[in-house]
Amino acid sequence: MKHPFPKPKYRLSLPLSLLAAALLAGGITLLALWCQPNSFRAVASGFLRQPLLIVLNALPAGLLLLAAAALLRNVFFAGALVNLAVCGLSIANRVKIEVRDEPVFPRDFALLKEVGSALESYDIRFPLPQIALVVLTAAALLVLGMFVGCRPFPVEKLRGWGGSLLGFAASLAVLTGLIFTLYASKDLYQSFQVSNAEYVPAVFNDLGFPYAFCHHFTTYLVDRPEGFRRAEAEGWETGDRTGLGKDVSVVMVMNEAFSDLTDAPAFAWGEEGDPLANFHALRQDPHALSGHVAVPGFAGGTANTEFDVLTGMQTNALSASTTSAMRVVNRNLDSLFRVFGNDGYATSFYHPGDNWFYNRENVYRWLGAEETLFAGDMENPEYKGRWVTDAYAAGLIEALFEEAEGPVFHFTTTIQNHMSYTADKYGPDYVFPPVETGAALSEEAETLLRVYVEGLRDADAMLGRLWRFFDGREEPVVLVFWGDHLPYLGDRQLGYRQLGIDVFPGPEGQENLTAYKTPYVLWANDAAAEILDWENAAAALDLPETVSACFLGAAVLELTGRGEESPWFSFLNQLRRELPVAQKSTYQLADGSLTGELSARQRELVRKWRCWSYYKLQYKELSP
1 MKHPFPKPKY RLSLPLSLLA AALLAGGITL LALWCQPNSF RAVASGFLRQ
51 PLLIVLNALP AGLLLLAAAA LLRNVFFAGA LVNLAVCGLS IANRVKIEVR
101 DEPVFPRDFA LLKEVGSALE SYDIRFPLPQ IALVVLTAAA LLVLGMFVGC
151 RPFPVEKLRG WGGSLLGFAA SLAVLTGLIF TLYASKDLYQ SFQVSNAEYV
201 PAVFNDLGFP YAFCHHFTTY LVDRPEGFRR AEAEGWETGD RTGLGKDVSV
251 VMVMNEAFSD LTDAPAFAWG EEGDPLANFH ALRQDPHALS GHVAVPGFAG
301 GTANTEFDVL TGMQTNALSA STTSAMRVVN RNLDSLFRVF GNDGYATSFY
351 HPGDNWFYNR ENVYRWLGAE ETLFAGDMEN PEYKGRWVTD AYAAGLIEAL
401 FEEAEGPVFH FTTTIQNHMS YTADKYGPDY VFPPVETGAA LSEEAETLLR
451 VYVEGLRDAD AMLGRLWRFF DGREEPVVLV FWGDHLPYLG DRQLGYRQLG
501 IDVFPGPEGQ ENLTAYKTPY VLWANDAAAE ILDWENAAAA LDLPETVSAC
551 FLGAAVLELT GRGEESPWFS FLNQLRRELP VAQKSTYQLA DGSLTGELSA
601 RQRELVRKWR CWSYYKLQYK ELSP
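Shown next as structure tokens:
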């Protein structure tokens with residue numbers, strides 16, 4: 001059978017062909033790294049400090065190139081093809097990070113239908129310079145391949161299609177073997193220094209997209225906990241009850257990147273300049289509780305915090321590898337929606353983003369929300385720059401209560417203050433107020449802070465608006481307002497570094513809880529305070545200054561008298577009193593001390609928590 005490609009005028013020997021393949025693999029890898037949403041200089045510096053990363057990132061491109069070269073019998077044609085494939089994936093990763101704050105995983109190939117939805121409904125900013133260079137490089141390689149090819153394989157029997165297919169298969173077999181051995185190694189993957197081990201996009205950027213992508217071929221969404229026994233977990237699922245709670249509506253608002261970092265000593269706000277004036281005032285209300293929530297991630301991972309609060313499960317404990325919590329939900333689950341719904345409440349979830357974000361349109365149905373409202377369903381949404389405003393989201397909540405005929409459980413996740421915090425966030429002519437700080441800020445850091453703080457002002461205005469609205473209503477309402485994660489303030493935490501705010505891991509990678517703490521305020525209007533017997537209920541709740549996000553929802557159930565309606569949430573409230581904060585490797589005890597070592601009793605409680613979570617995710621059957 002005649003080979004379909006033209007015969008080039010010049011042919012490279014086998015050694016020169018292999019050398020060309022190695023050089024092309026290196027060049028394609030560098031181009032793929034340049035396509036990432038990072039500082040290429042910073043990544044290159046990290047690679048020079050950890051040279052093994054260069055090899056781990058280049059190997060996949062090299063083996064794919066050899067496979068294609070064997071099939072096409074031309075190393076430059078192969079280079080063009082691999083360049084488009086590898087760099088195309090890298091560009092897709094960049095776009096996905098900017099759109100969803102999440103990198104591309106191998107399992108995303110099962111969700112390709114989302115691509116069409118994203119292209120149709122989302123204002124995607126494609127990296128045109130990177131795309132142009134990738135296309136031009138591929139075109140140049142194609143042209144070069146028309147003139148320069150490869151000499152036939154020295155072994156005559158392998159010169160035909162049989163040899164091409166053998167070379168193709170052998171190269172892919174080696175790559176597959178490496179993926180399941182070298183690239184699968186968690187110890188190796190976690191041995192490299194990264195700027196933020198808890199923020200997945202940062203890990204992908206620092207380690208290189210090709211290496212990180214290959215590593216995740218062998219990771220699992222949910223790991224089976226050690227000692228899990230299905231029969232044991234089934235035995236814990238007894239004692240569900242309804243009707244124990246007080247008829248008090250609950251509104252939970254998780255505000256995008258809401259933080260109290262502007263309270264840091266580096267800032268010097270006057271009385272009129274305080275961007276958190278409403279938050280500070282509400283904390284002083286006699287019917288308010290406030291403190292901090294320890295969220296799953298730093299500078300990203302909104303949906304993970306939603307998952308933790310609503311289910312009481314913990315994203316960081318689901319898998320030894322990084323996991324997006326919404327991806328693990330594929331069945332009906334216990335959640336706050338179901339507890340309140342079983343008591344006759346109208347339950348709803350609003351998010352002024354797209355319904356396909358993190359598969360929320362299905363996830364919230366599985367969590368038991370009766371009503372969901374996304375950007376595509378909203379009438380005349382108001383935008384400030386790229387995102388729907390917090391003011392508009394507040395108006396939706398007010399409208400919900402104007403029409404409600406009974407108690408309501410409602411959850412809103414806002415979006416306005418989503419990254420990126422660039423000078424054009426709200427349009428080219430928008431003037432941002434100055435940031436009052438005594439810190440010596442670079443121009444980049446000052447821009448990041450001006451833009452972020454402007455969004456923070458709007459978030460605080462939303463809180464103040466809801467406070468005044470519910471304060472003036474006769475029906476009893478509890479309002480819970482907190483942040484999903486701290487903001488992203490530049491590569492390698494530029495803004496935090498210049499402000500003198502320590503969000504960095506310890507010398508041996510120990511978790512720094514400061515990086516995960518966002519403020520919360522829990523407030524009851526006068527009617528709710530009377531029904532709940534506020535002083536006694538608040539005292540009995542015994543909330544510490546900092547509590548993990550996975551315990552916040554359970555605490556709300558207890559406050560409203562529903563602490564014993566669900567055996568799962570009842571257990572979480574017991575665990576909260578023992579271990580109020582639980583991160584991956586750091587625990588905060590009831591006395592406020594931090595530890596990485598638990599007592600035998602505490603280890604058993606955590607084991608039960610993990611096994612029970614696994615049972616719910618994998619086995620428990622619930623009716624819609």
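Under our numbering, residues 1 to 624 are what the sequence shown spells out, in order.
Heads up, the beta-carbon is just placed ideally off N, CA and C, and yes, glycines get one too.
Where S384 falls, given that 16 or more other Cβ within 10 Å makes a residue buried = Taking the first residue of the sequence shown as 1, we reach residue 384 at position 384. Position check: residue 384 holds Lys in this sequence, whereas Ser was assumed. Around the beta-carbon of K384, 16 or more other beta-carbon atoms lie within 10 Å, marking it buried.
Whose CA, out of P286, R73, Q416, G506, lies closest to the CA of D526?
-> Residue numbering aside, residue 526 sits at position 526 when the sequence shown is read from its first letter. Among P286, R73, Q416, G506, the Cα nearest to that of D526 is on P286.
According to DSSP, is P519 helix, strand or coil?
-> For the purposes of this step, residue 519 is taken as residue 519 along the sequence shown, with counting starting at 1. Of the three classes helix, strand and coil, the one that applies to P519 here is strand, per DSSP.
For the beta strand (DSSP E) that F192 lies in, which residues bound it at each end?
-> One-based indexing of the sequence shown puts residue 192 at position 192. Per DSSP, F192 belongs to no beta strand (DSSP E) and is neither H nor E.
Measuring alpha carbon to alpha carbon, tell me which of L594, E535, G563, L65 ends up nearest E511.
-> Counting from one through the sequence shown, the residue named residue 511 turns up at place 511. The shortest Cα separation from E511 among L594, E535, G563, L65 belongs to L594.
In its own chain, which residues sit with a C-beta less than 8 Å from the C-beta of P434, not counting the 5 before and 5 after it?
-> Position 434 of the sequence shown holds residue 434. Excluding positions up to five away in sequence, the list reads R450.
What separation, rounded to the nearest whole angstrom, lies between the Cα atoms of L16 and C150?
-> The residue you call residue 16 lines up with position 16 of the sequence shown. The residue you call residue 150 lines up with position 150 of the sequence shown. Their Cα atoms are separated by approximately 9 Å.
With 16 as the cutoff for other CB atoms within 10 Å, does Q416 come out buried or exposed?
-> Taking the sequence shown and counting its residues from 1, one reaches residue 416 at position 416. Burial call: buried.
Between the CA atoms of A42 and V134 - distance to the nearest angstrom = On the sequence shown, position 134 is the one that residue 134 refers to. On the sequence shown, position 42 is the one that residue 42 refers to. In this structure, the alpha-carbon of V134 lies about 21 Å from that of A42.
If you scan the region 29 to 74 from start to end, which runs of the alpha helix (DSSP H) of 4 or more residues do you find wholly inside it?
-> Qualifying alpha helix (DSSP H) stretches, in chain order: 40 to 49, 52 to 72.
Going along the chain, which residues of its own chain have a beta-carbon closer than 7 Å to the beta-carbon of A61, five neighbours each way excluded?
-> Residue 61 sits at position 61 when you count from the first residue of the sequence shown. Counting only Cβ-Cβ distances below 7 Å, and skipping sequence neighbours, we find A25, I28, T29, V82, V86, P210.
Counterpart residues of E306 in DSSP-defined beta bridges = Position 306 of the sequence shown, counted from the start, is the residue given in the question as residue 306. Paired residues: none, contrary to the question.
Distance between beta carbons of F279 and L463, contact taken as under 8 Å | Counting from 1 along the sequence shown, the entry for residue 463 is found at position 463. Counting from 1 along the sequence shown, the entry for residue 279 is found at position 279. Sure, about 6 Å apart at Cβ, within 8 Å.
Report, in whole angstroms, the separation of the C-beta atoms of N255 and F481, which I expect to be a contact under 8 Å.
-> By 1-based counting over the sequence shown, the position of residue 255 is 255. By 1-based counting over the sequence shown, the position of residue 481 is 481. That pair is a contact at about 7 Å.
By DSSP, does E361 sit in helix, in strand, or in coil?
-> Position 361 of the sequence shown, counted from the first residue, corresponds to residue 361. In the three-state scheme derived from DSSP, where H, G and I count as helix and E and B as strand, E361 is classed as helix.
Whole-angstrom C-beta distance between L141 and F76, which should lie under 8 Å = Within the sequence shown, numbered from 1, the residue matching residue 76 stands at position 76. Within the sequence shown, numbered from 1, the residue matching residue 141 stands at position 141. About 5 Å; that satisfies the 8 Å criterion.
Is it the case that the Cβ atoms of S290 and D223 are separated by a distance below 8 Å?
-> What you label residue 290 is simply residue 290 of the sequence shown in a count that begins at 1. What you label residue 223 is simply residue 223 of the sequence shown in a count that begins at 1. The Cβ atoms of S290 and D223 lie no closer than 8 Å to each other.
Given D668, which residues of its chain have a CB within under 6 Å of its CB, disregarding the five upstream and five downstream residues?
-> Because the chain in this structure spans residues 1 to 624, residue 668 falls outside the shown range and cannot be described.
Test item: CB-CB of L65 and A21 under 8 Å = Here residue 65 corresponds to residue number 65 of the sequence shown, with the count starting at 1. Here residue 21 corresponds to residue number 21 of the sequence shown, with the count starting at 1. Yes, they are a contact pair.
Can you tell me which of E558, K517, L489, T389 puts its alpha carbon nearest to the alpha carbon of A202?
-> Taking the sequence shown and counting its residues from 1, one reaches residue 202 at position 202. For the residues E558, K517, L489, T389, the minimum Cα distance to A202 belongs to L489.
Specify, as a first and last residue, the run of the alpha helix (DSSP H) that V148 falls within.
-> Walking along the sequence shown from the start, residue 148 turns up at place 148. Premise fails: V148 lies in the beta strand (DSSP E), 148 to 150, not in any alpha helix (DSSP H).
Distance, H485 Cα to F569 Cα = Start at 1 with the first residue of the sequence shown, and residue 569 comes out as number 569. Start at 1 with the first residue of the sequence shown, and residue 485 comes out as number 485. Roughly 23 Å between the two C-alpha positions.
Continuous alpha helix (DSSP H) stretch holding E530: start and end | Looking up residue 530 in the sequence shown gives position 530. For E530, the enclosing alpha helix (DSSP H) has its first and last residue at 526 to 532.
Endpoints, the beta strand (DSSP E) within which R386 is located = The residue labelled residue 386 in the question sits at position 386 within the sequence shown. Premise fails: R386 is in no beta strand (DSSP E) and is neither H nor E.
In the DSSP assignment, find the unbroken alpha helix (DSSP H) run with N316 in it and report its ends.
-> By 1-based counting over the sequence shown, the position of residue 316 is 316. That run of the alpha helix (DSSP H) goes 315 to 318.
Simplified DSSP assignment, three categories, for A346 = In the sequence shown, the residue the question calls residue 346 occupies position 346. In the structure shown, A346 sits in a strand (DSSP, three-state: E or B).
What is the DSSP secondary structure of R327, counted as helix, strand or coil?
-> For the purposes of this step, residue 327 is taken as residue 327 along the sequence shown, with counting starting at 1. Helix at R327.
Three CB pairs or more closer than 8 Å across the region 258 to 278 and the region 601 to 614 = They do not touch, by the three-pair rule.
Tell me whether V453 sits in a helix, a strand or coil according to DSSP, three-state version.
-> Working through the sequence shown from its first residue, we reach residue 453 at position 453. In the structure shown, V453 sits in a helix (DSSP, three-state: H, G or I).
Would you give the residue range spanned by the alpha helix (DSSP H) that Y10 belongs to?
-> Walking along the sequence shown from the start, residue 10 turns up at place 10. Looking at the DSSP string, Y10 is not in any alpha helix (DSSP H); the run it does join, the beta strand (DSSP E), is 10 to 12.
Presumed contact (8 Å Cβ cut-off) between W534 and L479, rounded CB distance = Locating residue 534 in the sequence shown gives position 534, counting from the first residue. Locating residue 479 in the sequence shown gives position 479, counting from the first residue. At roughly 13 Å, the Cβ-Cβ gap does not stay under 8 Å, so W534 and L479 are not in contact.
For A67, which option in P507, T176, L221, T414 has the closest C-alpha, if you only look at C-alpha atoms?
-> The count along the sequence shown starts at 1 and reaches residue 67 at position 67. Here the closest residue by C-alpha is T176.
Should the region 548 to 560 be regarded as contacting the region 307 to 315, the criterion being three or more beta carbon pairs within less than 8 Å?
-> Yes, the region 548 to 560 touches the region 307 to 315.
Taking Cβ positions, are P428 and Y452 nearer each other than 8 Å?
-> Numbered from 1 along the sequence shown, position 428 holds the residue referred to as residue 428. Numbered from 1 along the sequence shown, position 452 holds the residue referred to as residue 452. Going by C-beta atoms, P428 is not nearer than 8 Å to Y452.
Cα separation between F374 and E361?
-> Residue numbering aside, residue 374 sits at position 374 when the sequence shown is read from its first letter. Residue numbering aside, residue 361 sits at position 361 when the sequence shown is read from its first letter. F374 and E361: Cα-Cα distance of roughly 8 Å.
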